[in-house]
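In what follows, a structure is listed as structure tokens, so that the remarks can point back to it.
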Amino acid sequence: MTADAREDDRPTVDAGPAHDLGDEALPVSREQVSEAMGRLRDLHEQGVRPDEGLRERKKRLTRQHISDTATWMFVARGFDEVRVAEIAAEAGVSEKTVFNYFPTKESLVFDRTDDLVDGIREALTGRGPDESPTQAIVAFIERECAFFDQLGPEWRPMFLAFMRLIEDTPALRVAQHQVAVRLVEVTRDALAESVGVDPRDPEPLVAAQALMGLWEVQTASRERHIREGTPHDEFLDAVMEETRRAARLLDSGLWSFNEVAQGTGSRPRLAEAAKAADAARRQVFEALRQARSAWSELRGSRSG
């Protein structure tokens, strides 16, 4: 039997010795890796995609299995210490099969990039008439977080290990930046299409960069709440509350863009909305200035 023929026979990964994650990170044992991978595999196998045939489902699960195997081998031993041939052997496939699914070694780690791109595009182009781009992205982030929340608290050490793996590996930091650029680009294009402007215009680009900042907010929030030991039944709500707080601030800044995006978009309308937002901003600043002056006078009269 060839390695390719055994693709669906997915063994449990022997993670080897725990990767040194530093004093601040939680340890990652072989048992934790195996349990987390088992939970993740079960979730992927339970997932149902519309119009997905048996062949497509098998290819999707095989791809996911290869990526999961590679990721936790990287976590256990370090990215540069693991060869693609070893990943293939552990996953029960040929080295050629690995490269058929993943063109580079780095893409084994960032295996969900295409799913994120498709999800962001769908969230922005498929939103309702009363839903702003900011609200659409927050809803998308919540769906993503809810999926991993199903893995339970046992997943937490692996998340920290994954983040440390990227931080400690220059090639992965470069790849992470490339993924971030791609997510901004798909966001920019979807926003430009929704308001009928050129994607090369400054407004959709800066709006896209701001919206993708929410993804960074939820990632940082997730890491912080793991380290602080937030109970699992409060974890998702805590992460999403901080993400929504950032979104509310962002909504204020993107008010003019959101107004156009929720109506019939055009470049003149965008310019008009921006002027209105600037006028409102000046009024808010003036009100704050007057309030600060009044407070200073009050404090002065009390001290006198």
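Mapping of the sequence shown onto UniProt numbering: position 135 corresponds to residue 135, and the numbering continues sequentially without gaps.
By construction, the Cβ of each residue, glycine as well, lies at the ideal position given by its N, Cα and C atoms.
Subject >> Beta-carbon contacts of R188 that lie in its chain and below 6 Å, excluding the five residues immediately before and after >> reply: Residue 188 sits at position 188 when you count from the first residue of the sequence shown. Excluding sequence neighbours, R188 sits near P199, P204, L205 and A208.
Original post:
Using CA coordinates, which residue listed in T125, A190, R173 and G78 is at the minimum distance from F110?
Top reply: Indexing the sequence shown from 1 puts residue 110 at position 110. With distances taken between Cα atoms, F110 lies closest to R173.
Subject >> Span of the alpha helix (DSSP H), counted from its first residue to its last, around F162 >> reply: Mapped onto the sequence shown, residue 162 falls at position 162. Taken as a continuous stretch (DSSP letters only), the alpha helix (DSSP H) holding F162 covers R156 to D168.
Original post:
Does DSSP put L254 in a helix, in a strand, or in coil?
Top reply: For the purposes of this step, residue 254 is identified with residue 254 of the sequence shown, where counting begins at 1. Residue state, collapsed to three classes: coil.
Original post:
Do you know offhand how far T113's Cα is from A180's?
Top reply: Taking the sequence shown and counting its residues from 1, the one referred to as residue 113 is at position 113. Taking the sequence shown and counting its residues from 1, the one referred to as residue 180 is at position 180. The straight-line gap from Cα to Cα measures roughly 9 Å.
Original post:
Rounded C-beta distance between residue 305 and L211? I'm assuming under 8 Å.
Top reply: The structure shown does not extend to residue 305, since the chain is modelled only from 1 to 304, so the question has no answer here.
Subject >> Secondary structure of D201, DSSP reduced to three states >> reply: On the sequence shown, residue 201 is found 201 positions in, with the first residue counted as 1. The DSSP-derived three-state label of D201 is coil.
Subject >> Presumed contact (8 Å Cβ cut-off) between T134 and A238, rounded CB distance >> reply: Here residue 134 is taken as the residue at index 134 of the sequence shown, counted from 1. Here residue 238 is taken as the residue at index 238 of the sequence shown, counted from 1. That belief does not hold up - the Cβ atoms of T134 and A238 are roughly 20 Å apart, past 8 Å.
Original post:
What residues in its chain sit with their C-beta under 8 Å from that of T125, if we drop five residues either side in the sequence?
Top reply: What you label residue 125 is simply residue 125 of the sequence shown in a count that begins at 1. For T125, where only same-chain residues beyond five positions count, the Cβ hits under 8 Å are A190, E193 and S194.
Subject >> V184 in three-state terms, based on DSSP >> reply: Taking the sequence shown and counting its residues from 1, one reaches residue 184 at position 184. V184 falls in the helix class under three-state DSSP.
Original post:
Where L183 and V217 are concerned, what is the direct C-alpha to C-alpha distance, given to the nearest angstrom?
Top reply: Residue 183 sits at position 183 when you count from the first residue of the sequence shown. Residue 217 sits at position 217 when you count from the first residue of the sequence shown. So the two alpha carbons sit approximately 15 Å from each other.
**OP:** Put K105 into one of helix, strand or coil per three-state DSSP.
**Re:** Working through the sequence shown from its first residue, we reach residue 105 at position 105. K105 falls in the coil class under three-state DSSP.
Original post:
Can V75 and V98 be called in contact, C-beta distance under 7 Å?
Top reply: Your numbering for residue 75 matches position 75 in the sequence shown. Your numbering for residue 98 matches position 98 in the sequence shown. Not a contact, by the Cβ cut-off of 7 Å.
**OP:** Would you mind reading off the limits of the alpha helix (DSSP H) that contains P133?
**Re:** Here the question's residue 133 lines up with position 133 in the sequence shown. Start and end: P133 to D149.
Original post:
Is the Cβ-Cβ distance between T230 and I141 less than 7 Å?
Top reply: Position 230 of the sequence shown, counting from 1, holds the residue named residue 230. Position 141 of the sequence shown, counting from 1, holds the residue named residue 141. Taking 7 Å as the Cβ cut-off, T230 and I141 do not qualify as a contacting pair.
Subject >> Reference A171, options N100, L108, F235 and T62, closest by Cα >> reply: Taking the sequence shown and counting its residues from 1, one reaches residue 171 at position 171. Of N100, L108, F235 and T62, the residue nearest in Cα terms is L108.
Original post:
Looking at the structure shown, is S94 part of a helix, part of a strand, or coil, going by DSSP?
Top reply: Start at 1 with the first residue of the sequence shown, and residue 94 comes out as number 94. Residue state, collapsed to three classes: coil.
Original post:
Quick one: is F162 near chain C, going by C-beta distance under 7 Å?
Top reply: Looking at the structure shown, chain C is missing, and only one protein chain is on hand.
**OP:** Please say whether A88 and E81 have beta carbons closer to each other than 7 Å?
**Re:** Translated into positions along the sequence shown, residue 81 becomes position 81. Translated into positions along the sequence shown, residue 88 becomes position 88. No, they are not a contact pair.
Original post:
How about I120 and L214: are their beta carbons less than 7 Å apart?
Top reply: The residue you call residue 120 lines up with position 120 of the sequence shown. The residue you call residue 214 lines up with position 214 of the sequence shown. Not in contact: I120 and L214 (Cβ atoms no closer than 7 Å).
Original post:
CA-CA distance, R63 and L250?
Top reply: Here residue 63 refers to the residue found at position 63 of the sequence shown. Here residue 250 refers to the residue found at position 250 of the sequence shown. For R63 and L250, the distance between alpha carbons rounds to 36 Å.
Original post:
What's the gap between the Cα of F162 and the Cα of R55?
Top reply: Position 162 of the sequence shown holds residue 162. Position 55 of the sequence shown holds residue 55. In a straight line, the C-alpha of F162 is about 30 Å away from that of R55.
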